[in-house]
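Okay, so here's the structure we're looking at.
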Amino acid sequence: GLGRRASNRALIAAGLAIMAGGFAVLASLDISDGYGTLITGLLIMGVGAGLAGPAAYTTLMSAVPREHAGVGSALNDTVQQVGLALSIAVLGSVLAAVYTAAMPADAPEAARESVAHGVSLGDPALARAAKEAFLEAMSVGAYVGIGFTVAAAVVALAVLRPVSPDKTS
């Protein structure tokens, strides 16, 4: 497999870089785009996660003595859960703040707090403003995602020891 040809360090960094590319596709979304661009960005992110995730797990588990494999697995699960919760919190907060700021000041409060309300109130101009504000918020959130995934790739390259692929498990 690929893990035998490339080091875990390289797979983690490449996977994170590919995930950043998926975020870049999401950042490019336009109001006239269909679901194709969204799906493309998410698929690219999935490929990146598919490269980085198993390599990161293998790296962690190879650093833990065999008799403590359960502890290593639990640590991996905990790091994943905390990372997911933090990323959802950060990106969700960015999205909410940018959406609210991008909505017209005279928009109803419910529309300023929720794109669903903005679209459902029956005013076509307000619905378009809500959609544009949401896309702007998605774009800013995607740029934040790019920043974090590129930073994580740099950290992986800086911190993980280069090990030849035949030395990894």
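Quick note, the numbering used here runs 142 ahead of the 1-based positions in the sequence shown. Ideal Cβ positions, reconstructed from N, Cα and C, are used throughout, including at glycine.
Residue range of the alpha helix (DSSP H) that includes residue i
i: ALA148; result: Careful: ALA148 lies outside any alpha helix (DSSP H) and carries neither H nor E.
i: ALA286; result: Strictly speaking, residue 286 in this sequence is Val, with Ala absent from that position. Its alpha helix (DSSP H) spans residues 266–301.
i: LEU217; result: 211–244
i: PRO304; result: Run containing PRO304: none; DSSP gives neither H nor E here.
i: LEU263; result: Note, LEU263: premise wrong, no alpha helix (DSSP H); not H, not E.
i: VAL89; result: Any question about residue 89 goes unanswered here, given that the chain covers just 143 to 311.
Inter-residue spacing [alpha-carbon to alpha-carbon] between residue i and residue j
i: ASN150; j: THR200; result: 8 Å
i: VAL213; j: ALA279; result: 39 Å
i: VAL240; j: LEU185; result: 25 Å
i: ALA293; j: GLY264; result: 43 Å
i: SER170; j: ALA252; result: 27 Å
CA nearest to the CA of residue i, picked from the options
i: LEU228; options: SER262, SER204, VAL286, ALA272; result: VAL286
i: GLY188; options: LEU277, ILE288, ILE160; result: ILE160
i: PRO250; options: GLY214, ALA243, GLY260; result: GLY260
i: GLN222; options: ALA194, ALA247, TYR241; result: ALA194
i: ASN218; options: PRO266, LEU226, LEU202, ARG208; result: LEU202
i: PHE276; options: VAL296, GLY192, GLY289, ALA238; result: ALA238
i: SER255; options: ALA155, THR242, PRO246; result: First, the residue type needs correcting, since residue 255 is Glu and not Ser in the sequence shown. Checking every option, the nearest Cα to that of GLU255 belongs to THR242.
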